[in-house]
Structure formats: structure tokens, C-alpha cells
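Numbering (this note's numbering), first residue to last: 39 to 423. Have a look at the structure below, then the notes.
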């Protein structure tokens with residue numbers, strides 16, 4: 039086998055071909071639309087080498103020709119793009135009274151979503167129903183099983199360090215729910231994630247420039263996550279970022295954890311619905327279209343308590359704060375400005391507007407986020423080792 043010498047390292051021709059293939063694919067992926075000539079110029083690679091790798095990648099169904107670039111005088115060059123659904127990851131977001139299914143493509147985009155109103159039960163019947171619906175979802179959308187990278191499940195509850203089971207599941211009553219409860223019923227690789235960590239994965243994907251951040255998940259139940267060194271910080275017992283159990287009013291409402299006055303009882307979507315007697319959709323519809331003083335005050339109280347969460351979180355980790363999850367798409371700029379004013383009242387370290395970010399994927403955030411782990415693994419397989 040021919041061996042080429044590169045600096046102080048030697049590399050086989052087979053390995054070099056693999057490296058070049060990876061470089062070409064990654065470049066097409068990043069550019070989203072590029073010509074063969076542009077690839078050769080950007081990668082400083084011979085046009086014949088680029089052509090050979092494009093042929094291989096096209097035969098593998100990973101890239102495609104999709105139209106032409108504007109002519110600069112000669113023949114129009116083919117526009118090359120990756121096949122974004124050449125591989126698909128399935129994400130599941132399990133809640134107490136429902137679960138979400140999403141299909142995510144190689145750009146991390148949710149290309150199909152579906153919600154099933156199936157309450158959680160610790161039973162074989164439940165796990166069978168969920169996994170059957172996953173199979174039906176894949177079949178209904180005509181996804182080739184060979185394209186499925188895996189099924190990743192985001193659940194409320196603290197997950198064990200090895201990802202094998204739930205160690206604390208007071209919300210859903212799913213303590214000791216096992217990954218194998220799902221994996222044994224599915225013909226795909228599977229993994230289990232905490233929903234807050236999954237939300238952080240999505241926000242990190244959407245904000246790759248961030249090295250550190252604090253994520254507040256405004257879901258039906260409040261959650262939080264910490265991002266450091268461009269990755270989710272789990273902690274010794276997988277409990278980093280669980281701000282929902284920070285007590286802000288010792289004489290406040292009882293939390294599902296058994297304590298009183300936790301942020302969960304003030305800043306979760308469930309708390310907003312309980313206090314208003316309205317669904318989230320009804321609450322915001324009436325808030326935005328009427329001059330109901332009571333609803334406005336209720337919303338300002340909510341934002342005031344959320345400000346406490348943001349202020350305390352920012353004192354622990356000096357970084358951007360990302361408001362993510364179910365309620366995030368309902369936030370308007372006027373809400374953010376009011377929230378910011380509450381955060382910075384009597385705050386020795388005021389937060390600037392550009393450090394307060396808002397997620398856009400709503401209730402599907404954990405399901406999309408957890409699916410990204412398989413997408414990232416696939417893309418990393420093209421990275422030069």
C-alpha cells in the first residue's frame with residue numbers, strides 16, 4: 039500500500055482519500071450551494087480530486103446537483119448541495135400527558151412533527167404504544183429505514199450518568215424508566231436524555247458562536263441547563279442547571295418536589311395556566327387582543343419572577359441567557375424589555391439586551407434537541423481525525 043509523508047506523519051492513500059472526501063462533503067455542507075470550481079479553489083485541491091470525490095458522494099446519495107450558478111461568461115456551473123434528508127434522526131419528547139415526535143434532517147431542521155395525547159404510564163402497554171407510533175410515523179412519512187440514524191428520547195426527570203434510566207422522575211412518576219423500555223422495541227440505535235439538556239443542545243446548535251450560556255426552559259414544567267466550553271455541563275449527578283427548584287418565596291405554593299416556593303410554581307407554563315384558569319394559547323390571545331388589567335398584571339408578575347431566575351442564574355454563570363421552550367415563541371420584544379428592566383432593577387451587574395436570547399422552536403424544543411446528537415455524530419464522521 040502506498041504511503042505518503044505529510045510533515046512528520048505518514049498517511050496511507052486510502053486514509054488520504056477518506057480525508058479528502060470528508061473535506062469536500064463538509065465544504066458543500068457549510069456552503070449550502072457551491073460549484074466544483076469553487077470547492078477546488080477554497081480547499082486548494084486539484085479539480086480532478088474534487089471531481090472524484092463528488093462522484094463518490096453523489097453515488098452514496100449524500101450530495102446532489104440542484105440547478106446552476108449564474109454564468110460569468112462561460113458555461114453555467116452545476117450547483118452542488120448536500121442531500122439534507124440523506125440521513126434522518128428521530129426525536130421524542132415525552133411529557134406527562136403527551137409525547138412529541140420529530141424528524142430532523144442533516145441541517146438540524148424539523149421536517150415533520152406530530153403530537154400524541156398519550157399520558158405516561160409505567161407499563162409495557164405504554165412503551166409498546168409509543169414505539170408503535172414511532173414506527174408508524176416513520177412509515178407514514180416514507181422514510182427509508184436505512185436513512186434513520188437513531189431514535190433519541192428526551193424525558194422529564196434526571197437521567198443516570200450512563201443514560202440507561204431515569205433516577206428522579208417526580209413530575210411524571212417515571213423514576214427508573216429505562217432506555218431499554220424503548221430500545222428493546224425499536225430496530226434503531228436509541229438514547230435517553232434529560233429534556234433540559236436536550237433543549238440546550240438545540241440552542242447550542244442554533245448559536246454555535248456561544249462558548250457558554252444558561253438555558254431556561256419555559257416548558258409546561260420549568261427547566262434549566264448550563265453550557266460551558268461549548269458543551270452541556272451535566273454535573274456529578276446530572277443535576278446542573280435545575281433552577282426550577284430554587285426557592286424564591288419560602289411561603290409560596292407547594293412544588294412537586296415537596297418543597298414550597300420553587301421557581302417551578304411561578305415560572306412554568308403549568309403555573310401560568312393554573313393562575314389564569316386559561317390555556318396558554320387562550321391566555322396570550324386575550325392578553326394581546328384585550329385590555330384586561332388582571333391578565334396584564336398576572337403576566338407582569340410572571341415576568342417579575344422570571345427576572346429573579348435570570349438574575350440569579352446570571353450571577354452563577356456570567357454568560358448569555360437563553361429563554362427556550364414552549365412559552366418562548368409567545369414572547370414579544372415588549373415582554374423582553376419589561377423583563378430586562380426587572381432583571382436590572384437593583385442589579386449590581388446589569389444585563390444587556392444582546393445577552394438575553396429567545397428560542398424559536400416552542401414545545402418541540404427538547405424533541406428536536408435530543409435528535410441532534412445523532413446528526414452531530416454523522417457529520418463528525420466526515421471530520422479529519
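Glycine included, every Cβ here is placed at the ideal spot set by N, Cα and C.
Closest by C-alpha distance to residue i, when choosing among the options
i           : options            : result
residue 343 : 260, 79, 327       : 260
residue 243 : 147, 136, 76, 402  : 147
residue 254 : 236, 375, 68       : 236
residue 349 : 314, 308, 415, 281 : 281
residue 388 : 370, 416, 359, 415 : 359
residue 305 : 332, 266, 262, 272 : 262
residue 249 : 274, 356, 156      : 356
residue 179 : 140, 159, 212, 155 : 140
residue 414 : 325, 299, 153, 125 : 125
residue 185 : 169, 225, 285, 334 : 225
residue 283 : 299, 274, 171, 270 : 299
residue 106 : 322, 323, 76       : 76
residue 373 : 383, 392, 341      : 341
residue 227 : 266, 241, 183      : 183
residue 150 : 164, 393, 383, 172 : 172
Assumed close pair residue i, residue j - CB separation to whole angstroms, cut-off 8 Å
i           : j           : result
residue 129 : residue 408 : 5 Å
residue 221 : residue 132 : Contact flag wrong, Cβ pair sits at about 14 Å.
residue 197 : residue 204 : 6 Å
residue 363 : residue 297 : Contact flag wrong, Cβ pair sits at about 22 Å.
residue 74  : residue 116 : 7 Å
residue 252 : residue 351 : 5 Å
residue 166 : residue 223 : 6 Å
residue 234 : residue 216 : Not a contact, Cβ separation roughly 20 Å.
residue 138 : residue 402 : 6 Å
residue 100 : residue 72  : No, residue 100 and residue 72 are not in contact; Cβ-Cβ is about 14 Å, not under 8 Å.
residue 88  : residue 62  : 6 Å
residue 412 : residue 127 : 4 Å
residue 156 : residue 410 : That belief does not hold up - the Cβ atoms of residue 156 and residue 410 are roughly 24 Å apart, past 8 Å.
residue 310 : residue 324 : Their Cβ separation, rounded to whole angstroms, is 12 Å, which puts residue 310 and residue 324 out of contact at 8 Å.
Cα-Cα separation, residue i to residue j
i           : j           : result
residue 317 : residue 120 : 41 Å
residue 397 : residue 366 : 6 Å
residue 134 : residue 200 : 23 Å
residue 39  : residue 53  : Unreliable placement is indicated for residue 39, whose pLDDT of 41 sits below 50; the coordinate value is still reported in the next sentence. Roughly 11 Å separates the two Cα atoms.
residue 368 : residue 291 : 25 Å
residue 288 : residue 419 : 50 Å
residue 41  : residue 51  : Reliability fails at residue 41, whose pLDDT of 44 lies under 50, so the model's placement of it is uncertain and the value that follows must be treated cautiously. Rounded to the nearest angstrom, the two C-alpha atoms are 6 Å apart.
residue 400 : residue 55  : 42 Å
residue 395 : residue 85  : 43 Å
residue 210 : residue 354 : 29 Å
residue 268 : residue 278 : 15 Å
residue 379 : residue 385 : 10 Å
residue 346 : residue 381 : 7 Å
residue 264 : residue 405 : 18 Å
residue 423 : residue 57  : With a pLDDT of only 47 at residue 423, under 50, the local geometry of the prediction cannot be trusted, and no value is derived from it.
residue 96  : residue 177 : 25 Å
residue 329 : residue 314 : 15 Å
residue 45  : residue 246 : Note that residue 45 scores a pLDDT of 49, beneath 50, so its modelled location is shaky and nothing firm can be said.
residue 187 : residue 229 : 11 Å
residue 145 : residue 239 : 14 Å
residue 78  : residue 93  : 14 Å
residue 161 : residue 214 : 12 Å
residue 377 : residue 272 : 28 Å
residue 326 : residue 361 : 20 Å
residue 102 : residue 59  : 15 Å
residue 212 : residue 153 : 20 Å
residue 276 : residue 91  : 42 Å
residue 391 : residue 218 : 44 Å
residue 270 : residue 416 : 19 Å
residue 421 : residue 82  : 17 Å
residue 136 : residue 158 : 7 Å
residue 308 : residue 274 : 29 Å
residue 336 : residue 301 : 16 Å
residue 80  : residue 114 : 19 Å
residue 446 : residue 319 : Since the first residue of the chain shown is 39 and the last is 423, residue 446 is not available in this structure.
Beta-ladder partner(s) of residue i, from DSSP
i           : result
residue 67  : DSSP output for residue 67 lists no bridge partner at all.
residue 130 : 139, 191
residue 396 : 361
residue 118 : 72, 103
Residue-chain proximity (residue i, chain C), Cβ-Cβ < 8 Å
i           : result
residue 256 : Included in the structure is just one protein chain, with no chain C present.
(request) Scan the stretch 140-216 and note each continuous beta strand (DSSP E) run of 3 residues or more that stays entirely inside, going in chain order. (result) 148-154, 186-193, 204-206
(message) If we require 4 or more residues per run, which alpha helix (DSSP H) segments fall completely within the stretch 222-273?
(response) 233-244
(message) Runs of 4 residues minimum, wholly inside the stretch 275-337: which ones carry the alpha helix (DSSP H) assignment?
(response) 302-305, 307-314, 318-327
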